Every structure is written in structure tokens, then in C-alpha cells.
Amino acid sequence: MLTGKLKNQVDEIWEVFWTGGVTNPISVIEQFTYLLFIRRLDEIHTSRERQAMLLETDIAQPIFDTEQANYRWNKFKNLDPQVMFDLVKDKVFPFIKTINGEDTTFAKHMSDAIFMIPKAPVLDRVVTLIDKIPMDDRDTKGDLYEYMLSKLQSSGTNGQFRTPRHIIQMMVEMTQPKLDGNKSDVICDPASGTCGFLMASEEYVRKQFENELMKPENSEHFHNKMFNAYDFDQHMLRIGAMNLMLHGVEHPTVEYKDSLSDHGEQNISDKYTLILANPPFKGSVAYDELSPDLLTALGKTPKKAAPKIETDEDGNKKAKKGPSEKTELLFLALILRMLQPGGRAAVIVPDGVLFGSTKSHKEIRKTIIEDHKLDAVVSLPSGVFKPYAGVSTAILFFTKTNSGGTDDVWFYDMQADGFSLDDKRTPLIKNQELTTEADAIDKSLLESDKAPSEHANHKLNNIPDVLYRWQQRENESSPEHSEKNRKRTEQSFYVPVAEITSNDYDLSINRYKELVYEEVKYDEPQVILKRIKELQQAMDKGIADLEAML
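Numbered per this note's numbering, the sequence shown finishes at 555, counting up by one with no gaps.
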């Protein structure tokens, strides 16, 4: 966890950028990341130098050659500000754009990167402040980076790029990524943004599989195959790629791709064992741009019809827009295609996906339930994505089987996430130190003798209870704790697939949750009338007193 001192240092660096003319939050994070990356390269090179000295050998895979010695952080940080500025802008920055070779994925993302720090004093101040930040601890690096990304939340339109970290961490804890030889997961986010899901997965794997990561085959998989991201925003890809590399993932797959478009033989299918995603909502894509198999999955005919020509008021011809389909439905179809049989997915969707009545809505729900295995539906509070979106959402957990398997579906009605559900998103639990939202999850409650829902803070944050109930959902050794025995008046319960099917595959929790109405007793009419008369008499007396005063 970041200390208050480190948070203040990051805030100070942010302020230097802001007052120096770099005011777009995305640009600030990019420039901040470039400098962190340059510093990290010097640390890696120094580590390899020390190892070579101990072994009395040449440096293995040196990052800087002798002619590039002055590109290193420890060399240029003490230079005159203007000299340093010219060196970084003209030499160091072009160097990091082609690190590991000009044909690498990272170099492609960096090809249109721009050094935006406007003047020498700003760079000198930022370098001085970054140099004071202790970066030896991996957790500190992760929290520092997430703290920077958290500033996107308050940046208005840019906030759409970011999913709150405590929601991400809950999804990762529930899907439990594995690192175990040929059983290891291959994880993907097809709408990756800043790679928040992959970062949380990386942290989970490092902690849960610390010993396994020491094995060469597991290490090779972790650094080269485990983490895969796709997006069509180059800014996000650059931040995501450097984020993963700063955390020690040596060769992540972070590629530019419009995942929904038809790429012919390059379409990805049956490749990943775990997909975590928060795909774009409320968008729509024209049929003629889509991969045909995605339309087929939604029950539509993928015909490439010629565009109809219309004439406007001035007699000019224009092509009429053809039919389109909602992105949230298309991404569900895409994720099913990308998963290997047996692969798992956790996907955030708007509530409309759960109960929408169009053919496409029903078809994708039917496909997940009947052709694969729907495991759970977790309904999220409507304010989770505020201040930039107030849409109600849920998380679908499902497994690709190609042969069905849905027997019962677990529902959880999550009503609080530890923060106020207004635009301010104020932390609700007092005396809890927060660096990022993920710190709001009190995991100690999972080791308690009683369920988190029995603790006082449950009404402020349901996430520990979600994790606890998920772990206990099929606890046959302790039937009293099994979710199978929970009533539908409670926050979590099971619903048989036959009931869901009979309700047109409706997955809205309100369709199945039972409400308990408390009986309210009212006084007899005579008693109420007497009370009204007494009030009327008091009012008449008050008016009479006022008239007497006049």
C-alpha cells in the first residue's frame, strides 16, 4: 500500500505536469509512464551488470551499449536542465520507442508516441521528484501506477477507459487464474483499455503461485503467453503495454485490433482459457463491418447487402446506413468464440443484456445458458461507474462447453461496494486507509468464523460477502453454509435453469428475488378523525390569537 508521503509525491508530480502545460489526464499518465519506464530500464541494466560482475562474464542482454551510456537515468538525471531536456527529447525518447527492436509489438505501439513535456524546468522538476520515489518493491509499483490511473475517474470523458479496481479484483478472485504447467491459464481482455484486468491477474498469480513461478516452464508461460490484450485506442495500448512491462511481465501480447471486425482467417477462436472484460456499452456497429459468425451467434443473417441510395433535399445522393447491432451483445458472442472449450469468462454487461426482449438479446442469453454453462449473475449497484456513467450493470460468469451444462444459476444482489453511489464516490468505511479502491476489500473477513454479511460493515461493502458466498456456493460438508439452501429473500440464492428458460431466459435478479413486506398497522378511522379535529382546533385557536394581536 502506498503511504501518504508517496501519494503526496505522485500528486506533486501530477501538479508539475498540470501547471507546466500538460493538462489532459491521459497525456499526463503517458508522460509519467515514459519516465518511469526509462528509470526502470536503467534499473534492469544495473541488475544485469551486477550479475555479470559476480559471474565474471559479459553482461547478458544489455539494454544500453557503451555509446548509449548517457541515456541511462542515473547519468542524465544530474545534468543541467536544458542539456537533460535536449538529450531526453532527441536521444532517450527515440531510443525507448524502438527498445527490443523496431519490429516488436511494443515498438509498434510507441511509433506515434509524442514527447509532450514542453520545457526543461518541467522535465527537471519531474525527474527530480520521480527519482525520490522508492521503486524497489513490486507492490509499491503496482499501487503507484493504479493510483495514477485512479485519477482518470475524476477526469470526465476519459473515465470511461477505467473499471474500478475493487470490481476488477473481485472478478479475478472469483475466476482464480492458474499457473500450473499445461494447466496454466491463457488470459485475455478483448477491450483492454489500460490493462487493469491483466494487472490484477498478474498480481493474483504472483501471490498465489509464488513457488510455481520459479519453475522455468511456468516462468516462460507467465512472461510470454499468459497475458493478452486487444484495443483500438493507441493511447490505452501504450499505457497498458508499459504498465505490464513495469510490473515485470517481459513480453505481454498487447495488440491493436478492432475485435468485432471481420479479419477473415485472422479471427481469433478457441484460443484463451480465461477472459476478463468490461466491453464498451451503448455502442452499435454496422452489419457490413462485423465478423459474420458474431451476427450468426445473435440469430441474425450475415448478408453483405449493397447499401441503399437515398437523395437529400438538394438532390445529392447518399448511402443509407444499414442495420447495426449493439456492442455489448457482439462482445459476448466474440468472447464465446475466443474461449477454448472449458474456458471461463467474467464480463461486465449493462442490465439491458439481462432482460432485453429483442431477438439478439434472447438469442445470446439462450446460447450461453443452453449451449454453454452460465455459472453466476452478480448484480452491481447502479453507481459503481459514476461520476461518468450511472448505468446499472451486472457481471456474467460463464464457461464455454459447447454441450450445455447449466443446471442452476447463482445470483447475488450486490447493493454496496464500499463507496457512496453518487458522483463523489466517497469511501464509506471509516479509518480504512485507501490507496486504490482495491484496498476497500477487507479479506480478513473471509477468514472469520462467521459470514461477512454478519459483520457491521456489510451494509457498506458487500464485496467480501460476494467472495465468501461464491466460495461456499457448493459446500456439501457444511449444508448450513451452502448457497443451495439460501432463500430468495436473501442477497444470494440459486435459480434452476428450467425456471430461467420458462421466463424467456430473463436473467434480471428482480425476476427471481422475493421481497418480504412488513405489515403496517394503522389507527382506527375514528382515532384518526379525532386527531384531525384536535389539530384543526389548535389551528383555529392560533388564528384567533393572531387576529387579537392585530
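Note that beta-carbon positions come from the ideal geometry of N, C-alpha and C, so glycine has one too.
Just so it is clear, the structure is predicted and the values come from calculations on it, not from any experiment.
Buried or exposed by the 16-neighbour rule on C-beta atoms within 10 Å, applied to residue i
i    : result
Q174 : buried
V210 : buried
T186 : First, the residue type needs correcting, since residue 186 is Gly and not Thr in the sequence shown. So G186 ends up on the exposed side.
H268 : exposed
K391 : buried
P139 : exposed
G423 : buried
A310 : In this prediction, A310 has a pLDDT of 48, which is less than 50 and means its spatial position is unreliable; nothing more can be read from the coordinates.
K325 : Here the model assigns K325 a pLDDT of 48, short of 50, so the residue's position is not dependable, and the following value carries that caveat. Exposed, by the Cβ-count rule.
P221 : exposed
G201 : buried
G161 : Confidence at G161 is low in this model, with a pLDDT of 40, below 50, so its placement is unreliable and no value can be given for it.
M554 : exposed
N515 : exposed
M219 : exposed
Y261 : exposed
G395 : exposed
N407 : exposed
N13  : exposed
V237 : This sequence places Phe at residue 237; Val is not what is there. So F237 counts as exposed.
N83  : exposed
D91  : exposed
I400 : buried
E452 : exposed
D85  : exposed
Q87  : exposed
Q271 : exposed
A246 : buried
K10  : exposed
V127 : buried
Extent of the continuous beta strand (DSSP E) to which residue i belongs
i    : result
N75  : Premise fails: N75 is in no beta strand (DSSP E) and is neither H nor E.
T332 : It is not in any beta strand (DSSP E) - T332 instead sits in the alpha helix (DSSP H) that spans T332 to M343.
S425 : That residue, S425, is in no beta strand (DSSP E); it is neither H nor E in DSSP.
S507 : Not the beta strand (DSSP E): S507 falls in the alpha helix (DSSP H), residues V502 to S507.
D95  : Note, D95: premise wrong, no beta strand (DSSP E); not H, not E.
F416 : D413 to D418
C-beta contact flag for residue i and residue j at 7 Å
i    : j    : result
Y499 : W415 : yes
H228 : H252 : no
A443 : R170 : yes
K405 : H377 : yes
N248 : Y150 : yes
I192 : M250 : no
D380 : F360 : no
I43  : L134 : no
I434 : N462 : yes
K364 : Y510 : no
T258 : N233 : yes
H226 : S189 : yes
E294 : S264 : no
M179 : W475 : yes
L303 : L334 : yes
T398 : I353 : yes
D412 : V532 : no
F214 : P284 : no
L439 : G388 : no
Residue i, enclosing alpha helix (DSSP H) - first and last residue
i    : result
V177 : R170 to T180
S206 : G201 to Q213
I18  : G9 to T24
T301 : P297 to A302
E399 : Correcting the residue type first, residue 399 is Ala in the shown sequence and not Glu. No alpha helix (DSSP H) holds A399; the beta strand (DSSP E) holding it covers T398 to T404.
D70  : D70 -> no alpha helix (DSSP H), and no H or E assigned at all.
I192 : Premise fails: I192 lies in the beta strand (DSSP E), I192 to D194, not in any alpha helix (DSSP H).
K546 : P530 to M554
E54  : P30 to L60
R130 : A125 to D136
Q476 : I468 to Q476
Test: residue i CB closer than 7 Å to a CB of chain B
i    : result
N515 : Absent from the structure is chain B; it holds one protein chain and no more.
Segments of 3+ residues assigned as beta strand (DSSP E) that fall wholly inside the stretch 216-283
Note on the stretch 216-283: whole beta strand (DSSP E) runs with a minimum of 3 residues are 232-236, 258-261 and 277-282, in chain order.
Output the residue ranges of the alpha helix (DSSP H) runs that lie fully inside the stretch 339-380 and measure 4 residues or longer, sorted by chain position.
Segments of the alpha helix (DSSP H) lying fully in the stretch 339-380: 357-360 and 364-371.
Cβ pair count under 8 Å reaching 3, the stretch 120-133 against the stretch 25-39:
Inter-segment contact for the stretch 120-133 and the stretch 25-39 is present: three or more beta-carbon pairs are separated by less than 8 Å.
Counting pairs of Cβ atoms below 8 Å between the stretch 38-52 and the stretch 73-84, do you hit three or more?
Yes, the stretch 38-52 touches the stretch 73-84.
Are at least three pairs of beta-carbons, each pair with one atom in the stretch 263-283 and one in the stretch 337-347, less than 8 Å apart?
Segments in contact, yes.
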